[in-house]
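Asks:
Numbering (the working numbering), first residue to last: 2 to 270.
1) Quick one: residues in its chain with C-beta nearer than 7 Å to the C-beta of residue 150, no 5 flanking neighbours on either side, listed in chain order?
2) Assuming contact is defined by CB atoms lying nearer than 8 Å, are residue 121 and residue 96 in contact in what I supplied?
3) I'd like the list of long-range same chain contacts for residue 196, defined as Cβ closer than 8 Å, with 5 residues on each side in sequence excluded.
4) When burial is assigned at 16 or more other CB atoms within 10 Å of the CB, is residue 15 buried or exposed?
5) Could you tell me which of 255, 243, 264, 253 sits nearest to residue 100, measuring between CA atoms?
6) Which residue from 73, 51, 191 puts its Cα closest to that of residue 7?
7) Round the Cβ separation of residue 27 and residue 148 to the nearest angstrom and send it over; I've been treating them as touching at under 8 Å.
8) If you draw a straight line from the C-alpha of residue 94 to the C-alpha of residue 249, how long is it?
9) Could you tell me which of 62, 198, 49 sits nearest to residue 152, measuring between CA atoms?
10) So which of 192, 42, 114 has the shortest CA-CA distance to residue 163?
11) According to DSSP, simplified to helix, strand and coil, what is residue 3?
12) Please classify residue 267 as buried or exposed, where buried requires at least 16 neighbouring CB atoms within 10 angstroms.
13) Evaluate contact between the stretch 100-110 and the stretch 63-82, counting only Cβ atoms and requiring at least three cross-stretch pairs below 8 Å.
14) Do you know whose CA, among 32, 71, 37, 51, lies nearest residue 264's CA?
15) Is residue 97 helix, strand or coil when you go by DSSP?
16) How many Å lie between residue 29 and residue 117 at the Cα?
17) Give me the residue from 155, 253, 192, 133 with the minimum Cα distance to residue 12.
18) Taking the CB atoms as reference points, tell me whether residue 200 and residue 5 lie closer together than 8 Å.
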């Protein structure tokens with residue numbers, strides 16, 4: 002799952018705990034920072050499987066950074082376990098059927114499983130915002146906290162991420178990229194735009210380009226894909242996928258949050 006869905010689930014897990022603004026900021030960052038593996042600067046198995054060790058390595062001040070990471074991962078069973086191992090594999094078939102209906106709007110070479118996976122998770126982001134419109138402002142406010150650069154250093158030092166990539170992570174926080182990405186999930190058009198940009202990012206990564214795309218991602222991705230994906234049809238496709246996923250949203254989230262609360266007790270989060 003992505004930023005907003007992770008934050009929503011994690012907030013629900015600790016909803017009876019009154020966090021300070023600084024603690025909430027750390028919790029928000031911890032809720033999604035594991036996904037920096039998408040930049041190929043660290044292995045997914047590390048960020049999604051070393052949460053408890055990372056938590057133990059932290060000073061008490063950064064406890065909620067580690068708590069967010071534990072609840073995010075796959076081992077132990079955080080939200081991504083229930084998404085990646087249980088829900089998405091069962092839902093892929095229905096989403097692939099919709100994708101196939103719009104197959105002509107995509108480039109010839111496309112990883113159907115990867116595409117279905119991304120679309121399902123983006124549908125969850127859209128539905129999370131639809132049900133919790135205040136969440137965008139809450140997350141964006143948290144990301145402005147002065148403590149977060151030091152939190153990033155805690156993360157990169159533990160996972161042996163080099164200085165160059167650490168600077169990129171810090172730079173990303175200072176730009177409007179994350180804010181715009183989150184805000185786009187307010188509507189289907191923005192969700193489709195995020196999908197375009199994300200596929201562009203994937204293509205850069207898979208071609209082993211250096212991650213210097215941060216300063217041009219929005220405009221470049223639009224130019225790159227405009228000729229290959231007809232926007233209105235893409236929006237229609239995303240809309241159909243959202244409706245296919247909609248009925249599953251509450252049952253999935255309720256079950257996952259119930260299990261995450263047990264995880265929080267087990268690891269004293």
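Even for Gly, the Cβ is constructed at its ideal location relative to N, Cα and C.
Please read these numbers as outputs of a predicted model, since none were measured by experiment.
Replies: In terms of the structure at hand:
1) 171
2) yes
3) 119, 120, 123, 235, 239
4) buried
5) 243
6) 73
7) 7 Å
8) 15 Å
9) 62
10) 42
11) coil
12) exposed
13) no
14) 71
15) helix
16) 26 Å
17) 133
18) no
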